[in-house]
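Count the sequence shown with the working numbering and you get residues 21 to 440, in order.
Written out below as structure tokens is the structure these notes cover.
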Amino acid sequence: MSLLSQVYDIAYNPRNTKWIAPLLLVADAALCGLIIDKVAYTEIDWTAYMQQIEIYLKGERDYKNIVGGTGPLVYPGAHVWIYKQLYRLTDQGRDIQRAQYIFALVYLGTLAIVFQCYRKAKVPPYVFPLLILSKRLHSIFMLRCFNDCFAVLGLWAAIYCYQRNQWHLGSFFYTTGLNVKMSLLLPLPAMGILMVQALGSREAMTQAMIIFQVSILFGYPFRKQSFSYFGRAFEFTRAFFYKWTVNWRFISEETFLSKPFALSLLAVHAGLLLFFAYTRWIKPSKRTPRQFLKLVLPAREPRDQDIMTKRITPEFIMTTILTATTIGMLCARSLHYQFFAYIAWATPFLLWKAGFHPVVQYALWGAQEWAWNMYPSTPISSATVVGVLAVTVAGAWWGTRNEFEGATKGIIEEEHEHAE
């Protein structure tokens, strides 16, 4: 084999990720240590989190009365449980460097899971360096200590479990992440479609019950103040501030704050979800949208359930969940810098799925990274954020156009035969 052939094989053969991923993980671990040692920590929410936990530990269970320096507690019960442990591990939040090293471990643990998800989906090695090169992502974990880090860990742990057909465990991890931050509601519609096809409607209902019951469990300490808890932790009417937006700086503040703009984003979001559901996500069922709706009813299991289950591959699971998440980010009312944690590890995969040339993939990734590192955001940087997200979503749709081609033909013909 010539040198050129060897280089090509290293870059494109998914089998090589078996040794490339561990090397990248070790390199990133060293980088994390350097960042903590050399780059100054930036206080944003950590102190407020610790103040809120201190009030909680003193016995307060009414969310309206749990307030920190940046305002009231607005995150669900898993956030409280996790930061309660961090409060104890970091000398009541005073040992910032220890907290940073804990977040470095969370980062590296999540990265290791992301690597495994990519390997299960047979992504080529040339994509993998993009998973460790983000300046903004390292900042979110090691220099900001945002709770989004734990939500992202829950999301990727869920994806990996689903890829391994460990649906109960995956739903537990997903629900844990959801109960850290509501952002994880974004992939839920796509996950429901996946579960109906992979498991059947009855088992999909079981997964829904797991999500519901685990959520109730995390909220159990606040059961006597349940209205306050659910009103604060799962609030959908929060105010958005133009000065913090990363994605809509290129429109006027008046438009940004207007109700028609908010409703338009909601309509586009719903429309894109329906469009992807009808044209991409239900394809493994080999049914039309109307026929697919019959699968949702918890009646008898369809005769082709086992065959349908086999079509739900690790690659399809990852594509569906990450596309739904990215659609949500594209249509978000306002993105803050920490939301990049949900995008950073999804973009390289979806750009690869889009079928773009590797140079284009790296160029789009670079544009995205530049835009998210621009502080404060500018009209150009925010337009770039939205533009790359839009290209990623469109590319994911176009790149999967040939999957399950002719998916409904057999079903339609079969129905005609029975009718005759």
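The C-beta atom is built at its ideal place from N, Cα and C for all residues, glycine as well.
Pick from the options that is closest to residue i, judged by C-alpha positions
i    : options                   : result
F242 : G79, A50 and L54          : G79
Y138 : G375, E321, L370 and P399 : L370
I337 : I73, C165 and A210        : A210
Y107 : D57, Y69 and G97          : Y69
A218 : T110, L286, L128 and T329 : T329
S397 : W268, C351, I332 and V411 : W268
V100 : Y240, E425, I271 and F376 : Y240
A364 : P149, F270, M225 and S284 : P149
G386 : G407, S284 and G375       : G407
P144 : P309, V27, I230 and C169  : V27
E255 : I213, L93, L286 and F232  : L93
L317 : A41, I213, V59 and Y182   : I213
D324 : L51, I64, R310 and P304   : P304
L285 : T420, A352 and Y298       : A352
I231 : I64, S25, L198 and Y103   : L198
T257 : L237, V134, L283 and A290 : L283
W301 : A177, P207, V59 and P368  : P207
Exposure of residue i, with buried meaning 16 or more beta-carbon neighbours within 10 Å
i    : result
S22  : exposed
D442 : No answer is possible for residue 442: the residues shown for the chain start at 21 and end at 440.
I179 : buried
D29  : exposed
E335 : buried
K201 : buried
F261 : exposed
H142 : Rather than His, the amino acid found at residue 142 in this sequence is Lys. Exposed, by the Cβ-count rule.
K263 : exposed
E389 : buried
G220 : buried
N422 : exposed
P399 : exposed
M215 : buried
Y32  : exposed
Y127 : buried
K429 : With a pLDDT of only 49 at K429, under 50, the local geometry of the prediction cannot be trusted, and the value read off the model is given with reservation. When all chains shown are included, K429 counts as exposed.
T412 : buried
R170 : In the sequence under discussion, the amino acid at residue 170 is Phe, which differs from the Arg named in the question. Answer is buried; the Cβ neighbour count reaches 16.
V234 : buried
S25  : exposed
E425 : exposed
Q227 : buried
Presumed contact (8 Å Cβ cut-off) between residue i and residue j, rounded CB distance
i    : j    : result
I347 : L277 : Going by Cβ atoms, the distance from I347 to L277 rounds to 23 Å, so no, they are not a contact pair.
L175 : L204 : 6 Å
L350 : A410 : 6 Å
Q71  : G89  : 6 Å
V266 : V405 : 6 Å
K373 : T420 : 6 Å
Y95  : N167 : 6 Å
L45  : L131 : 6 Å
A177 : I133 : 6 Å
For residue i, the residue or residues it bridges with in DSSP
i    : result
G375 : None, per the DSSP bridge assignment.
P241 : Beta-bridge pairing links P241 to no other residue.
P96  : None; P96 has no bridge partner.
G88  : G91
heavy atom of the ligand GTP below 7 Å from residue i C-beta
i    : result
F261 : The ligand GTP is absent from the structure shown, which contains no ligand whatsoever.
- Tell me, please, whether the stretch 150-162 touches the stretch 183-197 by the rule of three or more beta-carbon pairs shorter than 8 Å. no
- Item | Stretch pair the stretch 414-425 + the stretch 332-346: three plus CB contacts closer than 8 Å | Remark: three or more beta-carbon pairs, one from each stretch, lie closer than 8 Å, so the stretch 414-425 and the stretch 332-346 are flagged as touching.
- Message: Quick check: the stretch 172-192 against the stretch 85-93, are at least 3 beta-carbon pairs closer than 8 Å?
- Response: no
- Message: Three or more C-beta pairs under 8 Å: does that hold for the stretch 158-167 against the stretch 347-367?
- Response: Counting C-beta pairs closer than 8 Å gives three or more between the stretch 158-167 and the stretch 347-367, which meets the contact rule.
- Query: Is it a yes or a no for the stretch 125-142 touching the stretch 35-51, going by three-plus beta-carbon pairs under 8 Å?
  - Reply: yes
- Query: Are at least three pairs of beta-carbons, each pair with one atom in the stretch 111-129 and one in the stretch 50-67, less than 8 Å apart?
  - Reply: yes
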